[in-house]
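See below for the structure under consideration.
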Amino acid sequence: MSGYWAGILSILAINIVFAYGIFLPVATGQLNLGGAGFQALGAYAAAYASASFGLPVYVTIPLAALLAGAIGALIAFPILRTRGVYLVLATFAFAEVVAGSILNSETLGGAMGLSVPAFIDWQIPVAVAVLVSLFVFYLMSTRFGLTMRAAHDDEVVTDLMGVNIRKTQVTAFGLGAALAGLAGGLYAHTFSFVEIQGFNAVVSIYVLLYVLLGGTQTAWGPIVGATFFTMLPEVLRETLPTVKQTLATLVGITEPVAPPDESWRLVILGVLTVLMMAFRPEGLITRTMMERLQFRRSPSRAAAEVSA
Amino acid sequence: MLLLQQIVNSLMLGSVYVTVAVAFTLTIGILNFLNFTIPTLFMFAAMIGWALAYWGLPGGLTGPSYWPVALAVGIIASMIVSLVVERFTFRIMKTKYGDSTEHAIPLVSSLGFLLIIENLVRIGYGTDAQRFPGPSADLTMSIGGIFVRVPQFVSLLFVVVIVIGLNWLLRTSRLGRGLRAIAENPDAANILGVDMHRIVPVVFMLTGLLCGLAGALFAINYGEVSPQMGEDIGTKAIAGMVVGGLGSIWGAVLGGLIVGLTEVMTIHLFGADTVQVAVWGLLLLTLFIRPQGLFGHSAIGKGKL
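Here the protein sequences line up with chains Z and G, keeping their order. Using the numbering used here, the first residue of the first sequence is number 1, and each one after it goes up by one. Using the numbering used here, the first residue of the second sequence is number 1001, and each one after it goes up by one.
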């Protein structure tokens, strides 16, 4: 496998794990716009443990997940008291506080960043991504997954049915934080270097967009969203210069034109977001779509036929 | 005396935050919509103003324009963009689902617009900070030993006039009554004859106007514009809005000034690197202790997302 594809596969695996970290709270009805904060916690935990204590990878990466998860669960109690717009703002503020604290910390390298001695190749992120995906699929099929879905659809009714909403939300938020931290740990060891500028607000926005565009109804959504948006820049890197050259030829310019600006990719992501929200706001992959793909009659339609 | 000077400086910085925070609070208070395009509208007005003042119209149609004209065009451009955003975020949801305030959809769409506008500006004008050829920022006057920059002082007065005007508009005019009715209950307002399709764009136009003005003030006072300028100002304005209370105009004013004061004082006492922690810590603290903010109504912004 070439280095290029190994690199892409690693990024893809990390993005999938990260996307699942945001998916869990979002599927419970909590928009989390602080993903980069949790990823930064995990990345710095792994980087610090590896650089200062020389701990091996199989210790530092779980440590990253544990630390981010513990902090996530801890702040979930006050943060989940807020709702709606306030929750979005609170998670956003949390990420900024994490970034600011790390920036001011001498031990964590401040603005200089930390280099990570232990390096992992693509196999470990991919293996972790597969395990995490299986875990989330399992989780969504359990009773807990059902309560998550219920809390997302209607909080009041779910509460009246005797489900402990608070517990469900805090657990989903904490688990999500742990997964985001896990993604951070993988990131630190894959790139051998962490700097806080890499975990800014834009990262939080991207990962939330992956998840929402992929769809939050089933566990397939984050995989599809993360894969699509990780591969999109790579595909566009190849096709955009060709497109521009073709356009230039159409208007009569024959000599080669400079390749288009990198920012076009982000413009395309933005356009896709706006279009998706306008035409298919529930995301690319929906529950009914999966039911159709399984060639099974959905319970509601079967019931309709019986009564007819 | 030094402390007093710092307070004056923070007032000047705060006035930019106040203008953007009022734009945020207006859309949240009336439409329950956290509009993430606001920071980019702020940047857009200033960048268009800069481009016109520096180069003139694209394609060499005119030479560089005089800076007030350029900024006025920039403000109008940002109002137009804001109306485009309304079409694609709010109106589509309204016509499709009947009620757009209960969904996260407009919020996510506005995140998409944030990416589009900011990166288009980057493609057009590059990522570097540019010097705005406005009036000299050195133009100072001294009141009792405290230095006040004239453009900043003028813009502070300007902000005060805008806020009072906006308040007057909301309190007394027919339009304002419609806006307040929508804020209270969109469905009931619609049934009772408030024309949503005419009034909602007004909110977005006001948003564009306020952001454009803030961008122009920033360009004049600090003499520098860049495609990234909206991120910092926008996020601090959000902090100011939350501290003051969502949906309250006077809350946004006070909150913006508090954030300005916090920022200047933190830089004065602890250095520039701690500003993020101080401002966002203040925001988190507000959310934990008094989520409705100083003046906010507890019902605003709590809708399901």
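A virtual CB, placed ideally from N, CA and C, is assigned to each residue, including glycine.
| Item | Value |
| --- | --- |
| Proximity test, Cβ basis, 8 angstroms: VAL235 of chain Z and chain G | no |
| Three-state class that DSSP yields for ARG166 of chain Z in the structure shown | helix |
| Beta-carbon proximity list for ALA969 of chain G, same chain, < 7 angstroms, skipping 5 on both sides | The structure shown does not extend to residue 969 of chain G, since chain G is modelled only from 1001 through 1305, so no value can be given for it. |
| Cut-off 8 angstroms between Cβ atoms - residues of its own chain near PHE1295 of chain G, not counting five sequence neighbours on either side | GLY1244, GLY1245, SER1248, TRP1250, GLY1251 and LEU1254 |
| Rounded C-alpha distance that separates THR1140 of chain G from GLY54 of chain Z | 57 angstroms |
| Contact under 8 angstroms by Cβ, VAL207 of chain Z with ALA19 of chain Z | yes |
| Under 9 angstroms by beta carbon: chain Z residues contacting SER1082 of chain G | Here the premise fails: no neighbours, minimum Cβ distance about 14 angstroms. |
| Reference VAL1069 of chain G, options G:ILE1143, G:THR1025, G:LEU1166 and G:TYR1054, closest by Cα | G:TYR1054 |
| Where the stretch 98-125 of chain Z meets chain G: residues whose CB sits under 7 angstroms from a CB there | ALA99, GLY100, SER101, LEU103 and ASN104 |
| 8 angstroms Cβ cutoff, PHE1288 of chain G in contact with chain Z | yes |
| Residue nearest to LEU1157 of chain G in terms of C-alpha spacing, selected from G:THR1207, G:LEU1031 and G:THR1019 | G:THR1019 |
| Cα-Cα separation between TRP1280 of chain G and SER1078 of chain G, rounded to whole angstroms | 28 angstroms |
| Endpoints, the beta strand (DSSP E) within which VAL1148 of chain G is located | 1146-1149 |
| Within chain G, partners of SER204 of chain Z - CB distance below 9 angstroms | By Cβ distance, chain G contributes nothing, its closest Cβ being about 10 angstroms from SER204 of chain Z, past 9 angstroms. |
| Any 3 or more C-beta pairs closer than 8 angstroms across the stretch 1173-1193 of chain G and the stretch 1034-1043 of chain G | no |
| THR142 of chain Z - DSSP class collapsed to helix/strand/coil | coil |
| Near-chain G residues of the stretch 189-222 of chain Z (beta-carbon distance less than 8 angstroms), N- to C-terminal order | ALA201, ILE205, LEU208, LEU209 and LEU212 |
| Under 8 angstroms between C-beta atoms of VAL1367 of chain G and ILE1030 of chain G | No statement about residue 1367 of chain G is possible, as the shown extent of chain G runs from 1001 to 1305 and does not include it. |
| Under 7 angstroms (Cβ pairs) to chain Z, residues found in the stretch 1261-1283 of chain G | ASP1273, THR1274, GLN1276, VAL1277, TRP1280, GLY1281 and LEU1283 |
| PHE135 of chain Z (DSSP reduced to helix, strand or coil) | helix |
| Alpha-carbon spacing of GLU1267 of chain G relative to ARG1171 of chain G, whole angstroms | This sequence places Ile at residue 1267 of chain G; Glu is not what is there. Each residue's Cα considered, the two are about 38 angstroms apart. |
| Spatial distance of VAL105 of chain Z from VAL17 of chain Z (CA atoms) | Strictly speaking, residue 105 of chain Z in this sequence is Ser, with Val absent from that position. Distance between the alpha carbons of SER105 of chain Z and VAL17 of chain Z: 27 angstroms. |
| Endpoints, the beta strand (DSSP E) within which ILE1143 of chain G is located | 1140-1143 |
| Buried/exposed call for ALA1278 of chain G, threshold 16 Cβ in 10 Å | buried |
| ARG280 of chain Z classed as buried or exposed, judged by whether at least 16 other C-beta atoms fall within 10 angstroms | exposed |
| Local conformation of VAL194 of chain Z per DSSP, three classes | strand |
| Cβ pair TYR48 of chain Z, LEU108 of chain Z closer than 8 angstroms | yes |
| Cut-off 7 angstroms between Cβ atoms - residues of its own chain near THR216 of chain Z, not counting five sequence neighbours on either side | PHE23, VAL26, ALA27 and GLY283 |
| Within 7 angstroms of chain G by C-beta, residues of the stretch 273-289 of chain Z in sequence order | THR273, VAL274, MET277, ALA278 and PRO281 |
| Cross-chain neighbours of SER1109 of chain G in chain Z, by beta carbon under 8 angstroms | THR273, VAL274, MET277 and ALA278 |
| Backbone CA spacing between TRP122 of chain Z and LEU114 of chain Z [nearest angstrom] | 21 angstroms |
| Inter-residue Cα distance where the pair is ALA178 of chain Z and GLY185 of chain Z | 10 angstroms |
| Outcome for PHE119 of chain Z when other beta-carbon atoms lying within 10 angstroms are tallied against a minimum of 16 | exposed |
| Under 8 angstroms from the C-beta of LEU41 of chain Z: neighbouring residues of chain G | Per Cβ cutoff of 8 angstroms: no residues; LEU41 of chain Z is ~15 angstroms from chain G at best. |
| When Z:SER50, Z:ARG83, Z:ALA45 and Z:ALA51 are compared against ALA70 of chain Z, the one with the closest alpha-carbon | Z:ALA45 |
| CB contact flag (HIS189 of chain Z, VAL116 of chain Z, <8 angstroms) | yes |
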